[in-house]
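Data first, discussion second: the structure below is written as structure tokens.
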Amino acid sequence: MHLVYPLVLAVLLFGIGLYGVLARRNAVLVLMSVELMLNAVNVNLVAFDMWLRDTLHAGQALTLFVITIAAAEIGLGLAIVLMIFRNRATSDVSALRDLAEPGAVPRARRRLRTARTRPGSEAA
Amino acid sequence: MTAGLAAATVAAADLSGRGGPGFLSPTGAEVAFVLIGLVVLGSALLVVTTSQIVHAALWLVVTLGGLAAEYLLLTAEFIAWVQVLIYIGAVVVLLLFGLMLTRAPIGRSTELDSLKRWPAVLVAVGATATLLTVVVDAFHSAYLDLGKTDDGSARVTGESLFRVWVLPFEVLSVLLLAALIGAIVLSRGRADADGKGR
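Going line by line, the protein sequences match chains A and B. The first sequence begins at 319 in my numbering and counts up one residue at a time. The second sequence begins at 3 in my numbering and counts up one residue at a time.
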């Protein structure tokens, strides 16, 4: 098998995951996109491990480690999302703007606010 | 009969040399890899674009399962089964729990996507194009000889994991314990958070 096939698959999967992280607003969907990016890295690791015929099998061992860390990350990430949901009653990542400049409302949100009245998210 | 033909082409590919056959005469494994790869990419696109949030989780199952099949085609069978067990068995179930507990909207919703979508498309397409150029330029002649190898079997992976990578393995188990305790503390620390925060 040509090495390009798994590598191109990994690149495209990584791009899709990147788009998901940037474009999605629901925090759980952002976590799903992060999983896609991690899987792209795993495909790379397995393909290069097979190509280099590594006697230590560093690629496969690292793939197992990445899978384990992804499981830990999703557990912690969901715990954080649930805590934010309990405190703020939203899982919308673009509604959490505590670290932004005070009074700096992004243009998209201003447009949204004039377009329709949304109780709940503004109070949060 | 077609299966026999595919096996014959795979055997012929095994006998060929380092450079490998051209791209225009793909082996059976390559054809299967590309077809499953198309399924993986299509369902991944649906994960990031669908407007029904539960469907995104279910398309994620298709993506991860397809990737497990790709690992099998790359002869990494142990990784494939770990992928099925942990990702499909644990991570997707956790994600569905998260969707339920955050009272995600069941059914169509227009609130899932950011309003500023074009910068995201731009960044993703730019990064993909750059990576594709570099990867194809660097590895267009590399050939992966997946002959009679048992590099991906459970025996080989276990030997390397428990002989060479024991220390990272143990450190990782401590990390998992820390993540477990952290998740428990985060999800039950209601009294503490209220006492300090407000």
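Glycine residues also receive a C-beta, built at the ideal position from the N, C-alpha and C atoms.
C-beta neighbour in chain A for residue i, strict 8 Å
i: B/ASP115; result: yes
i: B/VAL137; result: yes
i: B/ALA157; result: The question names Ala, but residue 157 of chain B is Arg in the sequence shown. Output row for B/ARG157: interface = no.
i: B/GLN54; result: no
i: B/GLY184; result: yes
Inter-residue spacing [alpha-carbon to alpha-carbon] between residue i and residue j
i: A/ASN362; j: B/LEU40; result: 17 Å
i: B/LEU7; j: B/ILE186; result: Note that B/LEU7 has pLDDT 48, beneath the 50 cutoff, so the model's placement of it is unreliable and the number below is only indicative. For B/LEU7 and B/ILE186, the distance between alpha carbons rounds to 55 Å.
i: B/VAL86; j: A/ALA388; result: 14 Å
i: A/ALA390; j: B/GLY24; result: 42 Å
i: A/VAL346; j: B/GLY100; result: 7 Å
i: A/PRO420; j: B/ALA78; result: 52 Å
i: B/TRP61; j: B/ALA71; result: 15 Å
i: B/LEU97; j: A/ILE392; result: 8 Å
i: A/VAL467; j: B/GLY154; result: With chain A running from 319 to 442 in the structure shown, residue 467 of chain A is simply not present.
i: B/HIS142; j: B/THR135; result: 10 Å
i: B/PRO121; j: A/ALA407; result: 28 Å
Proximity test, Cβ basis, 8 Å: residue i and chain B
i: A/ALA389; result: yes
i: A/ALA397; result: yes
i: A/ALA418; result: no
i: A/ARG342; result: yes
i: A/VAL384; result: no
Where residue i meets chain A, residues with beta-carbon distance less than 9 Å
i: B/ASP201; result: Absent from the structure is residue 201 of chain B, since the part of chain B shown begins at 3 and ends at 200.
i: B/LEU62; result: MET350, GLU353 and LEU354
i: B/ARG110; result: Neighbours of B/ARG110 on chain A: none; closest Cβ ~13 Å, over 9 Å.
Within chain A, the residues that residue i reaches when beta carbons sit closer than 8 Å
i: B/GLU72; result: PRO324, LEU327 and VAL361
i: B/HIS57; result: Within chain A, no residue comes near B/HIS57; the closest Cβ sits about 11 Å away, beyond 8 Å.
First and last residue of the uninterrupted alpha helix (DSSP H) at residue i
i: B/HIS57; result: 55-75
i: A/ASN344; result: Where A/ASN344 is concerned, there is no enclosing alpha helix (DSSP H), given that its DSSP letter is neither H nor E.
i: B/GLY44; result: 30-51
Local conformation of residue i per DSSP, three classes
i: B/ASP147; result: coil
i: B/ARG20; result: Confidence in B/ARG20 is poor, its pLDDT being 49 and thus under 50, which makes the residue's placement unreliable; the coordinate value appears in the next sentence. B/ARG20: coil per DSSP, three-state reduction.
i: B/ARG119; result: coil
i: A/MET350; result: helix
i: A/ARG415; result: coil
i: B/ASP139; result: helix
i: A/ASP410; result: strand
Proximal chain A residues relative to residue i, where beta-carbon distance stays under 7 Å
i: B/TRP167; result: ALA379
i: B/GLU172; result: Neighbours of B/GLU172 on chain A: none; closest Cβ ~12 Å, over 7 Å.
Residues that residue i contacts on chain B, provided the C-beta gap is smaller than 7 Å
i: A/ALA413; result: Those within 7 Å of A/ALA413 in chain B number zero; the least Cβ separation is about 10 Å.
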